[in-house]
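Here is the structure we will look at.
In the UniProt record's numbering, the protein residues as written are 1 to 290.
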């Protein structure tokens, strides 16, 4: 399935960091499903929307090195299944590079808007990312949940997420939805946007469950210790009893006279002891099941 990508425009580094959303009116918005792909050198960001008619929408802030020009490409998909088929096709991203437009253009990040209410006042969306560009759960981005120093949390963890552009992308989507709802309800867009821009987006330690103490072991540890001791005393007592019995009846010497070896004698002794313990274990499990 060949998809047609439409170039919507380009802007400079200053546009990318200050007023990139002003490019949005160039989008051919209409009811349907679109994918907006932002290409910055080797970075690609796609936005998939359904039932959108925003007069001004989001264009993603790109943070990178030596940004000279960024081109926006938009592609229409009839459904999300078509988008999945596009990404899972065998020739996906084959023969494609940043200098040519041959082959299937890869998609790095997608925002999937679920079907909103008919009045357009309630929205829900998902951010989907290319797994090849997303750090794994065992990477250096895994946050130490016991760390409480804010400077360490920011330098080692949070700053990496902030620089990745994910937070900016989410903020742009929220601001675009806010502006769209303001237009639909007849509110002042500037007033609403100034209010949302002025909101403090805090950086705080993620809450975790408090430590819960359990007094069970502090109450039973003494009796449990004796149970462990008795558990080791019984087999030791059995082995010592067998040795005393063997010395008094000369069992080993008699078996050696009949041709048995020392290894055979001790193997038989340990086998009988293991068999008795196995039977006791099976019996205890039988009573537990009852």
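We put the beta carbon where it would ideally sit given N, CA and C, even for glycine.
The structure displayed is predicted, hence computed values, not measured ones.
- Between the segment 168-184 and the segment 112-126, the count of Cβ pairs shorter than 8 Å is three or higher; the stretches touch.
- Distance check between residue 186 and each of 242, 121, 130 and 87 places 121 closest, using alpha-carbon atoms only.
- Within the segment 203-268, the complete alpha helix (DSSP H) segments of 4 residues or longer fall at 216-249 and 251-257, listed in chain order.
- Residue environment: residue 86 is assigned as buried (16 or more neighbouring CB atoms within 10 Å of its CB, all protein chains considered).
- Cα atoms of residue 89 and residue 193: separation of roughly 41 Å, rounded to the nearest angstrom.
- Under DSSP, residue 148 takes part in no beta bridge, so it has no partner.
- For residue 182, same chain residues with a beta-carbon under 6 Å away, outside a window of 5 residues either side, are 189 and 192 in chain order.
- Bounds of the beta strand (DSSP E) holding residue 111 are 109-113.
- Annotation for residue 80: no beta strand (DSSP E) segment contains it, though the alpha helix (DSSP H) segment containing it runs 80-88.
- CA-to-CA, the gap between residue 116 and residue 154 works out to about 35 Å.
- The alpha carbon of residue 110 has as its nearest neighbour, out of 93, 83 and 95, the alpha carbon of 83.
- Taking C-beta atoms under 8 Å as the contact rule, residue 255 and residue 265 qualify, at a distance of about 6 Å.
- Look at residue 92 here: in three-state DSSP terms it is coil, with no helix or strand label.
- In the three-state DSSP reduction, residue 118 falls in the coil class, being neither helix nor strand.
- Contact annotation: residue 238 and residue 213 have beta-carbon atoms that are not nearer than 9 Å.
- In the DSSP annotation of this structure, the continuous segment of the alpha helix (DSSP H) that includes residue 180 starts and ends at 166-184.
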